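The sequence shown begins at 17 in the working numbering and counts up one residue at a time. Glycine included, every Cβ here is placed at the ideal spot set by N, Cα and C. These numbers come from a predicted model, not from an experiment.
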Amino acid sequence: MSLLSQQELRSLAHEYGTPLYVYDAATITGQYKKLSSAFAETDTRFFYACKALTNIQVLKHINGLGCSVDCSSINEVKLALRAGFDPGNILYTSNGIHFSEIEEAQGLGVHINIDSLSNLEKFGRKFGHSYPVGIRLRPNIMGGGNLKVSTGHDKSKFGIPVDQLDKILTLVSTHNLYIQNLHIHTGSDIKDVDTFIKGIDVLFDIIPSFHELDSIDLGGGFKVPYQEGDAETDIPLLAKKVKEAFDNHPNSDGRHLQVWFEPGKFLVSAAGYLVTEVNVLKETSATTFAGVNSGFNHLIRPMFYEAYHRIENISNPTGVQKEYSVVGNICETDTFAWDRKLNEVREGDLLVFYNAGAYGFEMSSNFNSRFKPAEVLVENGKARLIRRRDEFEDLLRNQVINQELKMKN
Ligand code: LLP
């Protein structure tokens, strides 16, 4: 499952210090090729959901693959532009945002998916038919690994519910909107291929109401394996079923529709490693704690989603296996794993968390006034620093220091 060897990770930790995020560009390339070759027979386009990991060097690598990019804020759009993506290859799938951000995105010339009737109406008033736009629909389908990452069900805040189609169509005709794309995204960690097919079926009912569509967007959410024996979305099967679904539903007015996907995890999860160091071992009657120099300030997925991340002691790979509870140094409960079998752990050993590329660094924080880790990218056999570790002054950078109190009168 891992492409970087323990030896490589040890020497990177030695060179750059810990905690350290390491990304392997070749893994990202491999994942992209898996997708593009599986879907070779369907006109498909992939937009990397960059919310998973936005380091600009990673974005540049992904742009270099010919992959497009999906953004969830105007700042992500600006990062993508800075990374060199052409505006035509940038999609801004908005949710719950102020209309001014949509205006800004329009000014930057990127694709936009609008997720509320209110913003759709404002868009219609301002731009009418002059700028093509997509609609983010809520298909009322339950999908995804857990409720926190499930976004398409009938209580989700995301998208315009499909049952409000009449209202959408009224806006489209009142403002002569140019609807180019219909989008759905049902969640993350979607193992079941049929969830995507159900989404397509919902869209097929709606597509005939829109006469200027050139694409449909099925969002992201492909599941990746986090541990041995873990299932992943069967991408070749999905590609086959998507093709069949389109072959069986020729578009009534003969329009060709491109199929868009927005994979995040699938592209970067396995490419990322978080290398930490054991600060303290603590034997208790309940468990033996291995306390590392990290915490939910660096990798929140185990605590927030109860996500499983494989952990290895790369300093003692042949040590006798024992059970440890791996915890962080945050002044709050931050358990990465409870009673996990690891090769014997000693203070100073390096523990690696696998599958840390997606939503790892990206969801990190400075909680407890701790530094965010450095990030390193291994590309073409060479490692380079792509984000330096925080320093003390970074914690103060935006704070107002030595403020003089101004007294009234
Ligand atoms: N498109 C849209 C509109 C999304 O909201 C998302 C993810 C994606 C694409 C990409 O989904 P992916 O392929 O990465 O599953 N932080 C959580 C995942 C939340 C995903 C949010 N939206 C985690 O660490 O599991």
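Less than 7 Å separating the Cβ of ARG317 from some heavy atom of the ligand LLP?
Residue 317 sits at position 301 when you count from the first residue of the sequence shown. Answer for ARG317: yes, Cβ within range of the ligand LLP.
Local conformation of PRO155 per DSSP, three classes:
Within the sequence shown, residue 155 is the residue found at index 139, counting from 1. It is coil, neither helix nor strand.
Given a cut-off of 8 Å on the beta-carbon distance, is the pair VAL258 and THR58 in contact?
Working through the sequence shown from its first residue, we reach residue 258 at position 242. Working through the sequence shown from its first residue, we reach residue 58 at position 42. It is a contact, given that the beta carbons lie within the stated cut-off.
Per DSSP, which one or two residues make a beta bridge with LYS3?
Missing from the structure shown is residue 3; the chain here goes from 17 to 425 and no further.
Would you say HIS201 and GLY150 are within 8 Å of each other, going by their C-beta atoms?
As a position in the sequence shown, residue 201 is number 185, starting the count at 1. As a position in the sequence shown, residue 150 is number 134, starting the count at 1. No.
DSSP-derived helix/strand/coil call for ILE330:
On the sequence shown, position 314 is the one that residue 330 refers to. Of the three classes helix, strand and coil, the one that applies to ILE330 here is coil, per DSSP.
Out of curiosity, what's the CA-to-CA distance linking LEU25 and ILE327?
Position 9 of the sequence shown, counted from the start, is the residue given in the question as residue 25. Position 311 of the sequence shown, counted from the start, is the residue given in the question as residue 327. Going from the Cα of LEU25 to the Cα of ILE327 covers about 13 Å.
Going by DSSP, which residues form a beta bridge with THR304?
Here residue 304 refers to the residue found at position 288 of the sequence shown. For THR304, which the question treats as bridged, DSSP gives the partners GLU299.
Beta-carbon within less than 6 Å of THR60's beta-carbon, same chain only, minus the 5 sequence neighbours each way: which residues are those?
Position 44 of the sequence shown, counting from 1, holds the residue named residue 60. The answer, listed in chain order, is VAL275.
Pick from THR109, SER84, VAL188 and ILE90 that is closest to ASP102, judged by C-alpha positions
As a first step, residue 102 is located in the sequence shown; it is residue number 86 there, counting from the start. Of the listed residues, the one whose Cα sits closest to ASP102 is SER84.
As a quick exercise: from ALA287, ASN345 and ASN371, pick the residue whose alpha carbon is nearest that of ARG317.
What you label residue 317 is simply residue 301 of the sequence shown in a count that begins at 1. Looking at the Cα atoms, ASN371 is the closest of the given residues.
Got a sec, what are the start and stop residues for the alpha helix (DSSP H) GLU420 sits in?
Locating residue 420 in the sequence shown gives position 404, counting from the first residue. Unbroken run through GLU420: none, as it is neither H nor E.
In whole angstroms, give me the CA-to-CA distance for LEU273 and ALA255.
As a position in the sequence shown, residue 273 is number 257, starting the count at 1. As a position in the sequence shown, residue 255 is number 239, starting the count at 1. If I take the Cα positions, the gap works out to 15 Å.
Quick check: is any heavy atom of the ligand LLP less than 7 Å from the C-beta of THR300?
For this step, residue 300 is matched to residue 284 along the sequence shown. THR300: no, Cβ never under 7 Å from the ligand LLP.
Alpha carbon to alpha carbon, how far is PHE143 from GLU119?
Within the sequence shown, residue 143 is the residue found at index 127, counting from 1. Within the sequence shown, residue 119 is the residue found at index 103, counting from 1. About 9 Å.
Output the boundary residues of the alpha helix (DSSP H) element that contains LEU20.
Mapped onto the sequence shown, residue 20 falls at position 4. Premise fails: LEU20 is in no alpha helix (DSSP H) and is neither H nor E.
Going by the DSSP bridge assignment, what does PHE15 pair with across the sheet?
Residue 15 lies beyond the residue range present for the chain, which begins at 17 and ends at 425; the question has no answer from this structure.
Could you give the DSSP three-state label for PRO177: helix, strand or coil?
By 1-based counting over the sequence shown, the position of residue 177 is 161. Reduced to three states, the DSSP call for PRO177 is strand.
Within the chosen definition, does the stretch 287-296 reach the stretch 364-383 through at least 3 CB pairs nearer than 8 Å?
yes
Count Cβ pairs between the stretch 120-130 and the stretch 95-110 that sit closer than 8 Å; are there 3 or more?
yes
Note down the Cα distance separating GLU348 from ARG405, rounded to an integer number of angstroms.
As a working mapping, residue 348 is identified with position 332 in the sequence shown. As a working mapping, residue 405 is identified with position 389 in the sequence shown. Each residue's Cα considered, the two are about 23 Å apart.
Measuring CB to CB, does LEU219 end up less than 8 Å from GLN196?
The residue labelled residue 219 in the question sits at position 203 within the sequence shown. The residue labelled residue 196 in the question sits at position 180 within the sequence shown. Taking 8 Å as the Cβ cut-off, LEU219 and GLN196 do not qualify as a contacting pair.
Taking buried to mean at least 16 other C-beta atoms within 10 Å of its own C-beta, is SER116 buried or exposed?
The residue labelled residue 116 in the question sits at position 100 within the sequence shown. By the neighbour-count rule (16 or more Cβ atoms within 10 Å), SER116 is not buried but exposed.
GLN47 burial status per 10 Å Cβ neighbour count (16 or more: buried)
Counting from one through the sequence shown, the residue named residue 47 turns up at place 31. Answer is buried; the Cβ neighbour count reaches 16.
On a Cα-Cα basis, can you pick out the residue from SER225, LYS398, THR303 and LYS357 that is closest to ASN329?
As a position in the sequence shown, residue 329 is number 313, starting the count at 1. Among SER225, LYS398, THR303 and LYS357, the Cα nearest to that of ASN329 is on LYS357.
Look up ASP233 in the DSSP assignment and say whether it is helix, strand or coil.
The residue labelled residue 233 in the question sits at position 217 within the sequence shown. Note: ASP233 maps to strand in three-state DSSP.
How many angstroms separate the CA atom of MET17 from the CA atom of THR43?
Position 1 of the sequence shown, counting from 1, holds the residue named residue 17. Position 27 of the sequence shown, counting from 1, holds the residue named residue 43. Note on MET17: pLDDT 46, under 50, position unreliable in the model; no value is reported.
May I ask whether a heavy atom of the ligand LLP can be found less than 7 Å away from the beta carbon of TYR340?
Reading the sequence shown from its first residue, position 324 is the one you call residue 340. Result no, Cβ not under 7 Å from the ligand LLP.
Using only CA atoms, which one of ILE222, PHE212 and GLY344 lies nearest to ALA353?
As a working mapping, residue 353 is identified with position 337 in the sequence shown. Among ILE222, PHE212 and GLY344, the Cα nearest to that of ALA353 belongs to GLY344.
The beta strand (DSSP E) enclosing ARG400, as first and last residue numbers:
Translated into positions along the sequence shown, residue 400 becomes position 384. Start and end: 398-403.
Is the beta carbon of ASP205 less than 8 Å from the beta carbon of GLU278?
Position 189 of the sequence shown, counted from the first residue, corresponds to residue 205. Position 262 of the sequence shown, counted from the first residue, corresponds to residue 278. No. Outside cutoff.
Starting from the C-beta of LYS50, find all residues in its chain whose C-beta is less than 7 Å away, skip the five residues before and the five after it, and write them out in chain order.
The sequence position of residue 50 within the sequence shown is 34, counting from 1. Hits under 7 Å: ILE251.
Just verifying my parser: in three-state terms, what is the DSSP assignment at VAL392?
To locate residue 392, count along the sequence shown from 1; it is residue 376. Three-state result, VAL392: strand.
Is PHE282 a contact residue of the ligand LLP, with contact defined as CB to any heavy atom under 7 Å?
Within the sequence shown, residue 282 is the residue found at index 266, counting from 1. Correct: PHE282 has its Cβ closer than 7 Å to the ligand LLP.
For a quick check, are the C-beta atoms of SER285 and VAL240 less than 8 Å apart?
Along the sequence shown, one-based indexing puts residue 285 at 269. Along the sequence shown, one-based indexing puts residue 240 at 224. In this structure, VAL240 lies closer than 8 Å to SER285 by Cβ.
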